[in-house]
Amino acid sequence: MYTTELDKTAGSAAAPAAVEDPALLAAFEARVANDEFIEPKDWMPEAYRRTLTRQISQHAHSEIVGMLPEGNWLTRAPSLKRKAILLAKIQDEGGHGLYLYCAAETLGTSREQMIEALHAGKAKYSTIFNYPTLNWADIGAIGWLVDGAAIMNQVPLQRTSYGPYARAMVRVCKEESFHQRQGYDLLLEMMKGTPEQRAMVQDAMNRWWWPSLMMFGPPDDNSPNSAQSIRWRIKRETNDELRQKFVDATVPQAELLGITVPDPDLQWNEERGHYDFGAIDWNEFYAVVRGEGPVARERMKARRAAWDEGAWVREAAAAWEARQAARRAAAA
Amino acid sequence: MSKDWPLWEVFVRARGGLEHRHAGSVHAPDAELALRHARDTYTRRMEGVSLWVVRSADIVASDPDQAGELFEPAASKVYRHPTFYDLPDAVKHM
Ligand SMILES: [Fe+2]
Ligand SMILES: [Fe+2]
Chain V
1 MYTTELDKTA GSAAAPAAVE DPALLAAFEA RVANDEFIEP KDWMPEAYRR
51 TLTRQISQHA HSEIVGMLPE GNWLTRAPSL KRKAILLAKI QDEGGHGLYL
101 YCAAETLGTS REQMIEALHA GKAKYSTIFN YPTLNWADIG AIGWLVDGAA
151 IMNQVPLQRT SYGPYARAMV RVCKEESFHQ RQGYDLLLEM MKGTPEQRAM
201 VQDAMNRWWW PSLMMFGPPD DNSPNSAQSI RWRIKRETND ELRQKFVDAT
251 VPQAELLGIT VPDPDLQWNE ERGHYDFGAI DWNEFYAVVR GEGPVARERM
301 KARRAAWDEG AWVREAAAAW EARQAARRAA AA
Chain R
1 MSKDWPLWEV FVRARGGLEH RHAGSVHAPD AELALRHARD TYTRRMEGVS
51 LWVVRSADIV ASDPDQAGEL FEPAASKVYR HPTFYDLPDA VKHM
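Residue numbers (full-length UniProt numbering), protein chains in the order written: chain V, 1 to 332; chain R, 1 to 94.
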């Protein structure tokens, strides 16, 4: 998921607006308003390119960093079945990252630049992955809530105006449903277990509920770039609309599980036809965006270690290709 | 200059009898690894029975700015379409 606008300075009013050719701009606006897809070689305003590059690369980084909290549990999965499922899910997330990096690259930023920005701590990723996974039920809660929120966000993005991003989202959405279902299934199984196991599920819910709601990003009235993104069909629904949909879909699932939602203000509103819910602690959200999440440092350390420890594989592959190329040249 | 491995476009044949369709792209140092990466990235769920990879740099594409002129003749030659011909009702199924 993880498409939230996190960087509040770049690309907003702070950046000087490029002077665009009014005729080209008008043609572009008309195409987008007409729900046409924009493709890599088409003309596009600089701000559109910049916003998309940021959004898609943040989305890609989130998929990649998202593998880390789940990876922590691979060797501690309670059965071979759960281990195989978790491994497959993590592999999918890696794939999502790759689809998305490819889409972002079509806008003119190299893979290397994006990965360097992530490792240098300059790029953002979803705040959700800066929370720790403390017990096995957290793996279920991530699938159910975090992937559930991701689905809410990604489904409308299948119709986002940038073609490569939309196509990546179609592929991702096909795979996400398994992620959410395996998480819910895991929790259902734990709820059939001992009182201690049920308590673990409730504990995971208590810790993951609010961060999951924050995944949709700041409220609409504090989301400066939202209007432009909606107009350009980069986003199709606002943060608050998506958040409300998520709450409405998830509360009945929590009831079915037999756990409570940690929100005393949560209440069905007959008139609105939606659940009302309590105020979100946005100070916590912005602190996590600034990198003050409980395990932010640990995540980036693990990410850099994975990259550095894999260097020999990349070097070996490059050396092999160089040798093959030399042989081909000698044979020719 | 980027140190990234070259980019390869990936085409997947979903099953026998169908054409290969563009699925996405991967970075790889050579064709063999490009195929392996394509397999891991785009066919984890029986999405295909055959893969093609081709260096992205080798693809020659038409210019979107020229699309109007390039494809216009198709629109102006309506007689290329069967519906252009108004035949008597007595002629069934032609
Ligand atoms: Fe994902
Ligand atoms: Fe997922």
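The beta-carbon is built from N, C-alpha and C at its ideal position, and this holds for glycine as well. Predicted model, so just to flag it, every value in this text is computed and none were measured.
| Asked | Found |
| --- | --- |
| Can you check which of these residues, V:Ala330, V:Gly143, V:Glu315 and V:Ala332, is closest to Pro29 (chain R) by C-alpha distance? | V:Glu315 |
| Grab me the residues of Arg55 (chain R)'s own chain with a C-beta within less than 7 Å of its C-beta, minus the 5 sequence neighbours each way, in chain order. | Pro6 and Trp8 |
| Asn225 (chain V): which of V:Glu39, V:Ala47 and V:Gly94 sits nearest, CA to CA? | V:Ala47 |
| Does DSSP classify Asp276 (chain V) as helix, strand or coil? | strand |
| On the three-state DSSP scale, how would you describe Ile59 (chain R)? | coil |
| By the criterion of Cβ-Cβ separation under 9 Å, what are the contact partners of Arg111 (chain V) in chain R? | Ser2, Asp4, Trp5, Leu7 and His27 |
| Cβ-heavy atom distance between His61 (chain V) and ligand 1 below 7 Å? | no |
| Shorter than 8 Å from the beta carbon of Arg15 (chain R) to some beta carbon of chain V? | no |
| Taking its Cβ as the centre, do 16 or more other Cβ atoms sit within 10 Å of Asp65 (chain R), making it buried, or is it exposed? | exposed |
| Could you confirm whether any beta carbon from chain R is found closer than 8 Å to the beta carbon of Tyr99 (chain V)? | yes |
| Return the chain-ordered ranges of every beta strand (DSSP E) run that is complete within the segment 175 to 263 of chain V and spans a minimum of 3 residues. | none |
| So with Cβ pairs under 8 Å, would you call Gln158 (chain V) a contact of chain R? | no |
| Short of 8 Å Cβ to Cβ, which residues in the segment 28 to 61 of chain V face chain R? | Glu39, Lys41, Asp42 and Trp43 |
| Does the beta-carbon of Tyr131 (chain V) have 16 or more other beta-carbons within 10 angstroms, so that it is buried, or is it exposed? | buried |
| Locate the beta strand (DSSP E) running through residue 111 (chain R), then write down its first and last residues. | Nothing can be reported for residue 111 (chain R), as the shown portion of chain R is limited to 1 through 94. |
| Evaluate Tyr79 (chain R) with the Cβ neighbour count: other Cβ atoms within 10 Å of its Cβ, from every protein chain shown; 16 or more gives buried, anything less gives exposed. | exposed |
| Return the chain-ordered list of same chain residues with a C-beta closer than 8 Å to the C-beta of Trp320 (chain V), the five sequence neighbours on each side being excluded. | none |
| Only counting the same chain, and skipping five residues up and downstream in sequence, which positions put a Cβ closer than 7 Å to that of Ala302 (chain V)? | Leu68 |
| Please look up how many angstroms separate the CB atoms of Leu51 (chain R) and Ala61 (chain R), rounded, as I've assumed it's under 8 Å. | Wrong, their Cβ atoms sit about 21 Å apart, outside the cutoff. |
| Taking contact to mean at least 3 C-beta pairs separated by less than 8 Å, is the segment 155 to 174 of chain V in contact with the segment 128 to 146 of chain V? | no |
| Give me the chain R residues within the contact set of Gly95 (chain V), using Cβ-Cβ distance strictly less than 9 Å, ordered along the chain. | Asp40, Thr41, Tyr42 and Arg44 |
| State the DSSP-derived secondary structure class of Glu9 (chain R), mapped to helix, strand or coil. | strand |
| Which residues, taken in chain order from the segment 43 to 65 of chain R, show a beta carbon closer than 8 Å to some beta carbon of chain V? | Arg44, Arg45, Ala61, Asp63, Pro64 and Asp65 |
| Do Val247 (chain V) and Tyr275 (chain V) have their C-beta atoms within less than 8 Å of each other? | yes |
| For Asp89 (chain R), would you say it is in contact with chain V, using Cβ-to-Cβ distances shorter than 8 Å as the test? | no |
| What residue range is occupied by the uninterrupted beta strand (DSSP E) comprising Trp268 (chain V)? | Gln267 to Asn269 |
| Given that a residue counts as buried once 16 or more other Cβ atoms are within 10 Å of its Cβ, and exposed if not, what is Gly46 (chain R)? | The residue you asked about is not Gly; residue 46 (chain R) is Met in the sequence shown. Under this definition Met46 (chain R) is an exposed residue. |
| Going by Cα to Cα distance, which pick from V:Gln91, V:Arg54 and V:Lys83 is closest to Glu105 (chain V)? | V:Arg54 |
| Please list the partners that Gly24 (chain R) has in chain V, where partner means a Cβ-to-Cβ separation under 9 Å. | Leu98, Tyr99, Cys102, Ala103, Pro164, Arg167, Ala168 and Arg171 |
| Quick one: is Arg70 (chain R) near chain V, going by C-beta distance under 8 Å? | In the sequence as displayed, the identity of residue 70 (chain R) is Leu instead of Arg. So, not an interface residue. |
| For the segment 92 to 121 of chain V, list the beta strand (DSSP E) runs that are entirely contained and at least 3 residues long, ordered along the chain. | none |
| Which residue from R:Gly16, R:Val53, R:Gly68 and R:Ala14 puts its Cα closest to that of Ala34 (chain R)? | R:Val53 |
| Grab the span of the alpha helix (DSSP H) containing residue 334 (chain V) for me, first residue to last. | In the structure as shown, chain V starts at 1 and stops at 332, and residue 334 (chain V) therefore has no counterpart that could be examined. |
| Is the beta carbon of Ala150 (chain V) within less than 7 Å of some heavy atom of ligand 3? | Absence of ligand 3 from the depicted structure is noted, with ligand 1 and ligand 2 being the only ligands included. |
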